[in-house]
Amino acid sequence: MDINLDFPLGSSIINLVLSHRNLATKEIRKLGLYPGQDLILVELLRKDNRSQNELVKALCVDHSTIAKSVKRLLKAEIINAHKSTEDKRVTIISLTVKGKALAIQAAKVWNDVEKPAFKDFSPADIKEFMQYSQHIAKNFTDRSLELNDK
């Protein structure tokens, strides 16, 4: 995708995200996972036994997206689900042994996908890129919150 000079930042971000997603998706599909399921597994690898609502918040996705993925992952015996003992309305999700092995592989895919991104970058370049990216993201978030207040 070429950079649209009318919207250089947006075009650059979209180009970056699409390139990353295409590479990650190719590798994730080799694990037999749908895109997005890998993120759920990696999130559960970080902290297992989480509610669906916790996953919604952690991954910034819609509840229906998590529900659909959870259903598929349950069917494939990659995760377990049970009702919370404290609140029967809450479904707790955890990795099975098979799920933990897949989550470890998915995390490796994400690490491997990032490696070529910074080819020929110095550590200082990488640090600067991360700082700029975080600053831009914060600016977008701040503006979004301002619009919510109106």
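Residue numbering for the sequence shown follows full-length UniProt numbering, beginning at 1 and increasing consecutively. No residue lacks a Cβ here, since even glycine has one placed at the ideal position from N, Cα and C.
query = For the segment 69-84 against the segment 129-141, are there 3 or more C-beta pairs whose distance is under 8 Å?
reply = no
ask   = What residue range is occupied by the uninterrupted beta strand (DSSP E) comprising residue 78?
value = Run containing residue 78: none; DSSP gives neither H nor E here.
Buried versus exposed call for residue 145 [16 or more other C-beta atoms within 10 Å across all chains shown] = exposed
Close-in-space but distant-in-sequence residues of the same chain around residue 113 (CB under 8 Å, 5 per side omitted) = 20, 23, 24 and 27
request  = Alpha carbon to alpha carbon, how far is residue 31 from residue 61? Give it in angstroms, no decimals.
outcome  = The straight-line gap from Cα to Cα measures roughly 22 Å.
request  = Scan the segment 17-76 and note each continuous alpha helix (DSSP H) run of 4 residues or more that stays entirely inside, going in chain order.
outcome  = If we require 4 residues or more, the alpha helix (DSSP H) runs fully inside the segment 17-76 come out as 37-46, 52-59 and 63-75.
ask   = Just curious, the beta strand (DSSP E) that residue 85 is in, first and last residue?
value = Neither: residue 85 is in no beta strand (DSSP E) and is coded neither H nor E.
ask   = Between the segment 104-122 and the segment 39-57, are three or more C-beta pairs nearer than 8 Å?
value = yes
Residue 125 burial status per 10 Å Cβ neighbour count (16 or more: buried) = exposed
ask   = How many angstroms separate the CA atom of residue 17 from the CA atom of residue 116?
value = 14 Å
inquiry  = Looking only at its chain, what residues have a beta carbon closer than 6 Å to the beta carbon of residue 58, apart from the 5 residues adjacent to it on each side?
reply    = 43
ask   = Is it the case that the Cβ atoms of residue 51 and residue 12 are separated by a distance below 8 Å?
value = no
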